[in-house]
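Take a look at the structure set out below.
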Amino acid sequence: MRHAKVKQRVPTLGEPPGTLLPVGDAKVEASSITLLEFGPQELCETRFESVAAGLAHQSSQPVRWLNVYGLHDVGVMQAIGERFGLHPLVQEDILNNRQRPKLEDYGDYLFIATRVFDFPPNGGRLRYNQMYLVIGKDFVLSFQEKPTGVFEAVRERLRSCRGALRSKGADYLAYGLIDAIIDDYFGVLSQFTEHVERTDQMLLHGHEQGVLHKVQRLKHDCLKLRRSILPLREILLTMMRGEYRLIQPDTQVYLRDAYDHTMHVIESLEMSREMVSDMLDLYLSTQSHRLNLQMRVLTVFSMIFMPLTLIAGIYGMNFENMPELHWHYGYFAVLGLMASIAIGLIWLFSRRNWI
Amino acid sequence: MRHAKVKQRVPTLGEPPGTLLPVGDAKVEASSITLLEFGPQELCETRFESVAAGLAHQSSQPVRWLNVYGLHDVGVMQAIGERFGLHPLVQEDILNNRQRPKLEDYGDYLFIATRVFDFPPNGGRLRYNQMYLVIGKDFVLSFQEKPTGVFEAVRERLRSCRGALRSKGADYLAYGLIDAIIDDYFGVLSQFTEHVERTDQMLLHGHEQGVLHKVQRLKHDCLKLRRSILPLREILLTMMRGEYRLIQPDTQVYLRDAYDHTMHVIESLEMSREMVSDMLDLYLSTQSHRLNLQMRVLTVFSMIFMPLTLIAGIYGMNFENMPELHWHYGYFAVLGLMASIAIGLIWLFSRRNWI
Amino acid sequence: MRHAKVKQRVPTLGEPPGTLLPVGDAKVEASSITLLEFGPQELCETRFESVAAGLAHQSSQPVRWLNVYGLHDVGVMQAIGERFGLHPLVQEDILNNRQRPKLEDYGDYLFIATRVFDFPPNGGRLRYNQMYLVIGKDFVLSFQEKPTGVFEAVRERLRSCRGALRSKGADYLAYGLIDAIIDDYFGVLSQFTEHVERTDQMLLHGHEQGVLHKVQRLKHDCLKLRRSILPLREILLTMMRGEYRLIQPDTQVYLRDAYDHTMHVIESLEMSREMVSDMLDLYLSTQSHRLNLQMRVLTVFSMIFMPLTLIAGIYGMNFENMPELHWHYGYFAVLGLMASIAIGLIWLFSRRNWI
Amino acid sequence: MRHAKVKQRVPTLGEPPGTLLPVGDAKVEASSITLLEFGPQELCETRFESVAAGLAHQSSQPVRWLNVYGLHDVGVMQAIGERFGLHPLVQEDILNNRQRPKLEDYGDYLFIATRVFDFPPNGGRLRYNQMYLVIGKDFVLSFQEKPTGVFEAVRERLRSCRGALRSKGADYLAYGLIDAIIDDYFGVLSQFTEHVERTDQMLLHGHEQGVLHKVQRLKHDCLKLRRSILPLREILLTMMRGEYRLIQPDTQVYLRDAYDHTMHVIESLEMSREMVSDMLDLYLSTQSHRLNLQMRVLTVFSMIFMPLTLIAGIYGMNFENMPELHWHYGYFAVLGLMASIAIGLIWLFSRRNWI
Amino acid sequence: MRHAKVKQRVPTLGEPPGTLLPVGDAKVEASSITLLEFGPQELCETRFESVAAGLAHQSSQPVRWLNVYGLHDVGVMQAIGERFGLHPLVQEDILNNRQRPKLEDYGDYLFIATRVFDFPPNGGRLRYNQMYLVIGKDFVLSFQEKPTGVFEAVRERLRSCRGALRSKGADYLAYGLIDAIIDDYFGVLSQFTEHVERTDQMLLHGHEQGVLHKVQRLKHDCLKLRRSILPLREILLTMMRGEYRLIQPDTQVYLRDAYDHTMHVIESLEMSREMVSDMLDLYLSTQSHRLNLQMRVLTVFSMIFMPLTLIAGIYGMNFENMPELHWHYGYFAVLGLMASIAIGLIWLFSRRNWI
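Residue numbers (this note's numbering), protein chains in the order written: chain S, 1 to 355; chain X, 356 to 710; chain E, 711 to 1065; chain P, 1066 to 1420; chain B, 1421 to 1775.
Set out below in structure tokens:
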């Protein structure tokens, strides 16, 4: 709970650990709780109006999936925590919407904290939504800050009975949810790559100062994504290794697949990151190239005009005895001299590839 | 004791190890010793006027927490060291106010050296205060250079009996103190980030030479923080692993939580560090951009004025036979020529986006 | 299957894992399936027209090698998958032509995903073709996007009974195929190095802006190659270690050899990579050198002409009382003064090595 | 013995290993051998005039410490080697005054090679003196190139019976010597930091080319120190781990303390290193800043003077019909025009913050 | 055999592994084979004219050392391979003169591939010669591309019976050979350092463009050396660890010594590498410094001459009413004004340290 973002004062400073206090702004007004119970034959979907109703509910299906939108309602959290026997620290973590991605084993259940990203539609900076999973023997709890639609496909598959979800246990459902999160990363990454490419185009054409700031923002977004996705790899790796008895050997093959997808996301991210860092290099070397070009133009111009101006200055002197001034074609001779100097210099420069 | 800051001559050079000599300036005049004894039912707070009084004191509560402000009093150290059976090297370390963060296992107790940071109110550089914890079976000793208020919240919680502190052992109290230290880091980090942002703003507007020095100071402060907080992660990691029999399995879950918070602090620190390093890049590329701009202005100006000056120079020559000089509208023709050359060049430059 | 390239929308989003859907464009119109069965004495080559024909086929030889061109035909995949007992995730992976190189152990068989590279003949960017191997006790399945000719040499050796291929098992055949893939890398690397050297030459002579983009493209190609070849090293390392019972101890010595070749490829790649990064350094320092040169020329020119122009300007003033103007040789004296100033400055510059 | 500094030809090339040949210049003329024997009660100090005298000497005290100055005397080495049963390779290493810091376990004794540093008093580059320790069950041998005074404090403590040295074994004496070496590093580091700061000051004020070379020399010195001190950390780490039965468990706590001091030295070194590398950055960005400044001044000057010179040039033309020339206040009007142009431009520049 | 250098087409593409084909150009015309058999008492040296003669030879001494110059003779290789029972892959590797340094354990013998370097006498680029060792129970085989003289010292020691070589086994002989190779590295490194220093001197004086290319060549040579010497460290490390029963525990102490020498070589190499990379930095900052200097000169010159030229221009205007022109000392007043402006500006610049 004290993990509040660094910039804002930590609100629960001094509270004993395990005290349930929501941290961060509530993104939805009231928590919304949905329960999906299912077995190979049946699926039962319930939307609870009140916590009391939920506590009274008796389940008869092999697997239960409880999804909660809204992470700020202490009462809801306590009720659920009591019902499923969650450790006070887990409850505290879930009420906090700023948790590093991690996996913690509490014996009877696994607690997973992760994040889902999106770009605001009107083109702002990358945002993230905290997401928590609790995986038990016959239940999965999922907590989200606000409805994101990430799990919609899984829900649809459960309802339409496609795939093996209905016939397998809670661990396979958890795999399905993690897989849905990774799918979501692919989409975000594709949007991010678009941003990168658009900025690259701007750099090639516009060259304004503002682009530099944009590049740095992209760099930061990239790091943000990386910091959230890299731990997911570790989480999947430990789940795959079969240390946790809650994960069936059967499901481990699928987790290996999810791990593979995560690696794919990470590699794409690394490529975007390299593109961003190349953009900065390109910007600087373009600047340097342009400086060179301008310098060359200035040098060529100066070298042509300085001698000519000197000649004009010489024949503008007021000495009494300057024989050339009295020559009949002196003026034209000087103009000719100037022209030939100019042409000679231009020829010299073009031979040296300066023009 | 020889670990004195490198720049000042090492004062105890040549003394045998284990000799008790205070190293560093005393930050408080006299040591101040407080004892909190508590159990689930009772809490007893004593402030010792003299070491003798402390030695005579008999404890009746399950957990004792002795807090000492001031690290330079050899007599106090020896008395406490004898009473709690501390190794001479531990005593020597505590008298030294420049110790790297570390955890040492002495069998009957754990010795932890760590640091707390603050920024002086009038805006100077980051300072640190050394802090030592000795965790025994039924006691915790904490040593600080001067009163910092870091443990005030823990003391308050003990007095008001909030949370589980009163009903748990010395290891849980130690966790509480470490957690309070980490909470303190969040505050320092938030101040540090403010400094970074203020300097960033200066860079964007003022562009003075002085900013470079400020950026480097931020860089150094960042490294200082990092060097102190990174070892804390290691300390918590070894405590979590359950190697030490003084730490109850029950407390390990809480230490995992503290570890997580430390990771959070470290990640924020890394982000600040990147911001600082980006600032230097930005500074240099801004410089390069401005150089380019000035160069372009100079080049454009020179290219416009050099031909015009040449023309004026030509018609300032004193040749006898210069027909143009005698034309009635010669002067105005030349002015017109100049104007059209200037306009032509400006058109050319604006087409090339140079203006 | 959701691993589609990041930039295009993921086509199977929301499909349950294990659903067979081809991902990516089909590179050949119809799949083409060939079976090579062989033992020390006999070799039998069959080209199947239809999947049904393949399923009906009964093998009598100790080792079977089934090669499939085309990764998009779901029907073919399902038939083969059923026949050889492939896990749905393996089938899904094979239908996807964008898989990271990896090795997965499914107990009865090993699944290897890898890539083969080529440069398009008309000089475009590096392309890759996905390639999959399934190694069983007495069979090897190889899947390729399109005919690449990589395995032609192995096929030829089998037919002509050269080497030990015919007398050894499926694991040795798999080694042969992997070795053929590594051989192919040598060729691609040689082409890549040619590209690098050609660009290096361009940089030394042409110095156009376009070269920078080319260098960055080479850098990206280099990273692409690296990302595919590095995992191959890991794959061979795990195969060598003798963890998999499908690999005979006898074959492990050969795999060590293949590992060694891979290391050779990687080292050459690293050298090319360094060349590319040196090219950028060279480009920038060449730019800086040239800027210096131009600056020096400009400075020298300005320093010579500015004093001369001033002198001409002074004697072009119209003061009534300027004694020098009336000297008989004043003009020539001034010309002489100018010449000696110019010569003096040139002598000065040449002594300072500026000319 | 072939480890001679790379730049000089290796003198013993082709000699069989274990041949005793001194490598490097002798820094003292004759070897000087001192023996300190001590127990809790007695201390006996002997200075041997000849090797024979030493061999004849019979010891009666529990711990013997033999110190040798001068590493080039083969006869002395052989006599000592025989007496204490040293391996030929150890003898060869000791005769060589260029050994990397290392710890080698020869069963009956540990062989430690390390270095001590100093700056020559007249301000040259960092020098090092090789130092060797052989730690046996009841003896410590120390070999130095020349008297450095590093062990003087230990000797003094032994004589005055301060600390625990007299009552403990050879391993504790060895710890004492290592601790003395680390103490010495603190002093060297303090001198080095002074050099760094002095160069930093030069950079801020003088800006000469020579500073760059000085910075690079500091960088090299820093690396030299690092290369010698980092292995010491490893040496202490292995000694602490209790692998060697010659090290009593009791002494391990003290070695941990020495390890801690070494870490302290290393951290200070890292900070100096960062300061040095920052100095280079600062130098370059200062250069770039100054270039910008000069460019700006030049640009502003040119932009002000070029139009004025053009105007003067125009009214210096010799056209017959130039009405302005005949106006009575024409000259003053033009001067006014010039002044207003100059003022206008200066106002423009000051608004753009260019002046 | 397919490991041919990347740039040339791979010659044995498509050949089955284990086919004996020489790869690379033959550096000597005919292979030359020498056998040294020795025991503590006797040493017998034979130079074989033909392979047949060698096969017929019967050995009676405890240790045999067979040295072969020339790596391209398939017949010789096959004969030796058969006689000593070498694996076909070992034979194939030996025929190839481009092998990465490595150690392979074939049970009855160890196979070591390594390299020896030299600079061509007429000053070209660093070349390497492949070298192979096969270490058996009672024999050592060494294969070299051409006679290099690296082993001459070992041969001499064997003949003159100096050192322990004659009385020890094949493993000690192998150590002797490896030690000789490391000795050779010291020589090459000393030559390389000379090259580095010569280039450094060029950089300090000549500053030509060509130096940059030279620096990059040094960088590449450095990497080449590193890539060959680093694996040698690993080879010695595994040999030291006592995994191979062919290496006697007695010899391991000597291998530790050889390991130490290798570390010494590597450290010297790292220092050279740093010198090379510093040279590039120095080059760039020297460039930048010089640009600054030139810019400063240009700026100072322009700032002095532009006002003077303007004044001359003003008094060269042809207005009728310019009172100053008629002043008797007007001309001299203007000259005085010019001089005082020039002096004033010079004073200003020298105060700002610009001159």
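Beta carbons: idealized from backbone N, C-alpha and C, even for Gly.
A check of alpha carbon separations from M626 of chain X across X:A519, X:Q485 and X:F547 identifies X:F547 as the nearest. Checking the DSSP bridge columns, you'll see T1439 of chain B has no partner listed. Here the C-alpha atom of L1334 of chain P lies approximately 59 Å from the C-alpha atom of T34 of chain S. Nothing from the stretch 848 to 862 of chain E brings a Cβ to less than 8 Å from some Cβ of chain S. When the alpha-carbon of S583 of chain X is set against those of X:S632, X:S497 and X:Y540, the nearest one is in X:Y540.
With contact defined as three or more Cβ pairs closer than 8 Å, the stretch 87 to 104 of chain S and the stretch 68 to 76 of chain S are in contact. The Cβ atoms of Y530 of chain X and L610 of chain X sit closer than 9 Å to each other.
Within the DSSP bridge table, the entry for S142 of chain S names S:N67 and S:L133 as partners.
Out of X:K492, X:M677 and X:L587, the CA that lies nearest to the CA of A333 of chain S is found in X:M677. Nearest in C-alpha terms to I536 of chain X, of all of X:A613, X:H575, X:H644 and X:L444, is X:A613. With distances taken between CA atoms, G846 of chain E lies nearest to E:Y954 out of E:D889, E:Y954, E:R757 and E:E862.
A Cβ of chain E is located within less than 9 Å of the beta carbon of H1746 of chain B.
Counting only Cβ-Cβ distances below 9 Å, L653 of chain X has contacts in chain S at Q294 and L298, in chain order.
DSSP places Y106 of chain S in the coil class of the three-state scheme, outside both helix and strand.
Annotated as proximal: L335 of chain S and I669 of chain X, with beta-carbon spacing under 9 Å. The Cβ neighbour count for L887 of chain E, taken over all protein chains shown within 10 Å, is at least 16; the residue is labelled buried. With respect to the C-alpha of Y1749 of chain B, the residue from E:F861, E:Y838 and E:F1029 having the closest C-alpha is E:F1029. Against chain X, a Cβ distance below 9 Å from H1260 of chain P picks out nothing, because the smallest value is about 12 Å. Segment contact: the stretch 219 to 236 of chain S against the stretch 113 to 127 of chain S, three or more CB-CB distances shorter than 8 Å; contact assigned.
Here the alpha carbons of C161 of chain S and T824 of chain E stand approximately 34 Å from one another.
At a Cβ-Cβ threshold of 9 Å, V1608 of chain B and F1539 of chain B count as neighbours.
Between the alpha carbons of H644 of chain X and R553 of chain X lies a gap of roughly 23 Å. Only R1518, Q1519, R1520, K1522 and E1524 from the stretch 1514 to 1525 of chain B bring a Cβ to less than 9 Å from some Cβ of chain E. Against chain S, the CB of P604 of chain X has no partner CB under 9 Å away; the residue lies outside that interface. For the stretch 221 to 247 of chain S, the residues whose beta carbon sits under 8 Å from a beta carbon of chain X are, in order, L223 and R227. The residues L36, F38, L43, L165 and R166, in chain order, have a CB closer than 7 Å to that of L158 of chain S in the same chain once the five nearest residues on each side in sequence are set aside. Taking 9 Å as the cut-off, the beta carbon of L820 of chain E is found no closer than this to the beta carbon of M985 of chain E. Residue state for S1115 of chain P is assigned as coil, using DSSP reduced to three classes.
Look at the stretch 928 to 986 of chain E and you find no whole run of beta strand (DSSP E) that is 3 residues long or longer.
Counting of Cβ neighbours within 10 angstroms places D1325 of chain P among the buried residues, the total reaching 16 or more. For E747 of chain E, the uninterrupted beta strand (DSSP E) run begins and ends at S742 to F748, by DSSP. With respect to chain X, the C-beta atom of S1353 of chain P has a partner C-beta closer than 9 Å. Boundaries of the alpha helix (DSSP H) harbouring Q1143 of chain P: V1139 to F1149, taken from the DSSP string. G1307 of chain P counts as exposed, since fewer than 16 other C-beta atoms from the protein chains shown sit within 10 angstroms of its C-beta.
A buried status is given to D1603 of chain B, since no fewer than 16 other beta-carbon atoms sit within 10 Å of its beta-carbon.
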